[in-house]
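S.K.: Heads up, the sequence shown is in my numbering, so the first residue is 3 and it goes up one at a time.
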Amino acid sequence: MEKFLYGSGQLTCSTALAIAKGTVTGEISPDVKDKIEQSASYVRKIVERGEVVYGINTGFGPLCTTLIDASQTQLLQENILKSHAVGMGEPIANDLAKLMLILKVHALSKGFSGVQYATIERIIWHIENHVIPVVPKQGSVGASGDLAPLSHLFLPLIGLGKVNVEGEIVETAAVLEKYGMAPVQLGAKEGLALINGTQFMAAHGVMAVAELNRVLQNADIIATLMIEGLNGSIKPFFTELHQLRPHQGNRYVAASIFNMLHGSAILESHKDCSRVQDPYSLRCIPQVHGASRNAWFHLKDTIEIEINAVTDNPVIINDELTISGGSFHGQSIALPLDYATLAASEIGNISDRRVYLSLEGQTNGVPKLLMKSTGLNSGFMILQYSTAAIASENKGLCFPASADSIPTSLGQEDHVSMGSIAGRKLLQVIDNVDKILSIELLCAAQAKDYHQPLKSTAALEAIHARIRQSIPHIESDQPMEELLSEALSLVKSGELITLHRQYATGEIEADLKQRFEMF
């Protein structure tokens, strides 16, 4: 099995997800272990000298001027976990909590946090044994680190809180007893190091990078199928056009769609039609989808910097220099998370417009409402009600969380990022866009049926055939719930993306492939 070295390797979003899935193992090299232990020794020396350093021998936040006796160091660190574990709401998904553990191990293993090696070993034990802490969704303002969710994440280290074991939520104490393990004895600064950091926000970002990547690929494929169904033109996807306005996302989308359409008999059949140009939802796909791809890349780039960074406080440079700064502040990723939310929403917004367009009956051979016998039958009319409702919901979720700040900690923390809310909203919008795309998939496949016996390209024919394996052509009204569920499963599974890659022809420039396909 492939190995990743915590603390020294360059962590990517895909590698973090692979560790969470168990297809890559995370390990700590002897050199990194030495660095971790040296950092912990620096903290011990600070305590022994009686030097006043925030979070080591002082209280927290507005209590930073309250000195703590060396004999109470362990109690101080345990108390911060207890007092800060005040999250509310439903637990986050198990895979998100596991990602948080992975990201925290990598950050602590950099050797600037002063934690004991044994503490990091215990966190790795949780990852490898799938004993995942229960973390509530709400409670972080994304500034002093994700304090509340990280406190819940690490309560199990001291034998408290709850964990998810094979889908069952149980008390941590019972699990430790089962394995014959004792709680970790936290040293100076360790509690603070555990809960200072951006791992809640960053874990949502990692998940969003993967999910939005899948959404963008599906969106291009489904939109291309709709172009075929509605007799759209291939000219808006010509390289010559996009070289004159060379945004990388636009160029990539245009090339990908051109390759899927080039050589289609359906396309050839209407090349001399009287329509001068297509509506924007078809003609401007490279500009809209491309802009969202550029936002995706910006998010990926920023998140991958973040997950390889040290984000707790104070940072232990050596036994003579500690720096109390603001590396836990989530603004760096909060803004891109909000930007990506808008980018995701726009994919759903333009998809809804294509669904509406498919119902108008303006394409030769394609009936109004995508059904030949209407009146008694409503056809696909009401599907667009759902896309409109979900697209509208997404627009409401696009208000940037990072535009807000509410002072906390008695004014000590007087500007916060709200990046945790941005991350949660982004995943919600992505999930909604999957639903909109699944409805467009139904409409596009139905529209394409009416061009038979003309054939499209090998890629689009394979994709259409896969859709028809589980979703039939419809010529009379029927309950749509199961068909919508099938379409959504197909969109989320990534099967269409795999088929596209299998049958894809034509070239895409190397720099574009590197940027948008090397995830």
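Where a beta carbon is used, it is the ideal one built from N, C-alpha and C, also for glycine.
Please say whether S266 and S458 have beta carbons closer to each other than 7 Å?
M.R.: The answer is yes: Cβ separation under 7 Å.
S.K.: What are the boundary residues of the beta strand (DSSP E) that includes L344?
M.R.: Careful: L344 lies outside any beta strand (DSSP E), inside the alpha helix (DSSP H) at 333–361.
S.K.: Quick one: what's got a C-beta closer than 7 Å to V255's C-beta in the same chain, skipping five residues either side?
M.R.: Hits under 7 Å: D222, I287, P288, H291, G292, R295.
S.K.: Apart from the five residues on each side of it in sequence, which residues of its chain come closer than 7 Å, Cβ to Cβ, to N434?
M.R.: Around N434: G350, I392, E395, N396.
S.K.: Which residues does DSSP pair with P138 in a beta bridge?
M.R.: Looking at the DSSP assignment, P138 forms a beta bridge with P93.
S.K.: For the region 242–279, list the alpha helix (DSSP H) runs that are entirely contained and at least 4 residues long, ordered along the chain.
M.R.: List check, alpha helix (DSSP H) in window: 250–263, 267–271.
S.K.: Apart from the five residues on each side of it in sequence, which residues of its chain come closer than 7 Å, Cβ to Cβ, to V165?
M.R.: Answer for V165: V133, I134, P135, V136, P158, V172, T174, V177, listed in chain order.
S.K.: Could you name the residues of the same chain whose beta carbon sits closer than 7 Å to that of K35, not counting the 5 residues immediately before and after it, in chain order?
M.R.: The residues are Y119.
S.K.: Can you find at least 3 beta carbon pairs, one from the region 41–49 and one from the region 238–250, that sit closer than 8 Å?
M.R.: In short, these stretches do not touch, since the Cβ pair count stays below three.
S.K.: Is the beta carbon of L162 sitting closer than 7 Å to the one on I197?
M.R.: No. Outside cutoff.
S.K.: Report yes if the C-beta distance between A210 and L428 is below 7 Å; otherwise report no.
M.R.: Yes.
S.K.: For S347, count neighbouring Cβ atoms within 10 angstroms of its own Cβ and tell me buried if that reaches 16, exposed if not.
M.R.: Buried, since its Cβ has 16 or more Cβ neighbours within 10 Å.
S.K.: Quick check on this structure: which residue in E130, A257, I473 has the alpha carbon closest to the alpha carbon of D513?
M.R.: Answer by Cα proximity: A257.
S.K.: Let's test the definition: count the other Cβ atoms within 10 Å of the Cβ of T304 and tell me whether it reaches 16, buried, or not, exposed.
M.R.: Buried.
S.K.: Buried or exposed for R470, going by 16 or more other Cβ atoms inside 10 Å?
M.R.: The residue in question, R470, is exposed, as its Cβ has fewer than 16 Cβ neighbours within 10 Å.
S.K.: Tell whether a beta-carbon distance below 7 Å holds between S380 and E442.
M.R.: Cβ distance not < 7 Å, so S380 and E442 don't count as in contact.
S.K.: V54 by DSSP, collapsed to three states: which one?
M.R.: Reduced to three states, the DSSP call for V54 is coil.
S.K.: Roughly how many angstroms separate the alpha carbons of V317 and A190, rounded to a whole number?
M.R.: Distance between the alpha carbons of V317 and A190 is about 13 Å.
S.K.: Give the secondary structure of I510 by DSSP, where H, G and I count as helix, E and B as strand, and everything else as coil.
M.R.: DSSP places I510 in coil when its eight states are reduced to three.
S.K.: Report all residues from its chain with a CB closer than 7 Å to the CB of A205; omit the five preceding and five following residues, and keep chain order.
M.R.: L98, L101, M102, L105, listed in sequence order.
S.K.: Using a Cβ-Cβ cut-off of 7 Å (strictly less than) and excluding sequence neighbours within five positions of I82, which residues of its own chain qualify?
M.R.: F62, G193, L194, I197.
S.K.: Which ranges would you report for the alpha helix (DSSP H) in the region 477–507 if only whole runs of at least 4 residues count?
M.R.: As far as the region 477–507 is concerned, its whole alpha helix (DSSP H) runs of at least 4 residues are 483–495, 497–505.
S.K.: Does the distance from the CB of S271 to the CB of L456 come in under 7 Å?
M.R.: Taking 7 Å as the Cβ cut-off, S271 and L456 qualify as a contacting pair.
S.K.: Using a 10 Å radius around the Cβ and a threshold of 16 neighbouring Cβ atoms, would you call L323 buried or exposed?
M.R.: By the neighbour-count rule (16 or more Cβ atoms within 10 Å), L323 is not buried but exposed.
S.K.: If you draw a straight line from the C-alpha of K237 to the C-alpha of D451, how long is it?
M.R.: Those two C-alpha atoms are separated by around 23 Å.
S.K.: What are the boundary residues of the alpha helix (DSSP H) that K164 is part of?
M.R.: Note, K164: premise wrong, no alpha helix (DSSP H); beta strand (DSSP E) at 164–167.
S.K.: Do S41 and G89 have their beta-carbon atoms positioned less than 7 Å apart in this structure?
M.R.: Not a contact, by the Cβ cut-off of 7 Å.
S.K.: For a quick check, are the C-beta atoms of T313 and S329 less than 7 Å apart?
M.R.: Yes.
S.K.: I need the DSSP call for K5, collapsed to helix, strand or coil.
M.R.: Residue state, collapsed to three classes: strand.
S.K.: Taking just the CA atoms, how far does S146 sit from I126?
M.R.: Each residue's Cα considered, the two are about 24 Å apart.
S.K.: Considering only the alpha carbon of each residue, which of S85, H128, M228 lies closest to Y181?
M.R.: Closest option to Y181, Cα to Cα, is H128.
S.K.: Excluding sequence positions up to five away, which residues of its chain have a Cβ less than 6 Å from the Cβ of L337?
M.R.: Excluding positions up to five away in sequence, the list reads S404.
S.K.: Once you ignore the five residues that flank H86 on each side, which residues in its own chain have a CB closer than 7 Å to its CB?
M.R.: Closer than 7 Å at Cβ, skipping near neighbours: L149, A150, S153, I197.
S.K.: Need the endpoints of the beta strand (DSSP E) that I171 sits in, please.
M.R.: Unbroken beta strand (DSSP E) run through I171: 170–173.
S.K.: Hey, would you say S472 sits closer than 7 Å to E488, going by beta carbons?
M.R.: Yes, they are a contact pair.
S.K.: Using the beta-carbon count (16 or more within 10 Å), is I325 buried or exposed?
M.R.: That one is exposed.
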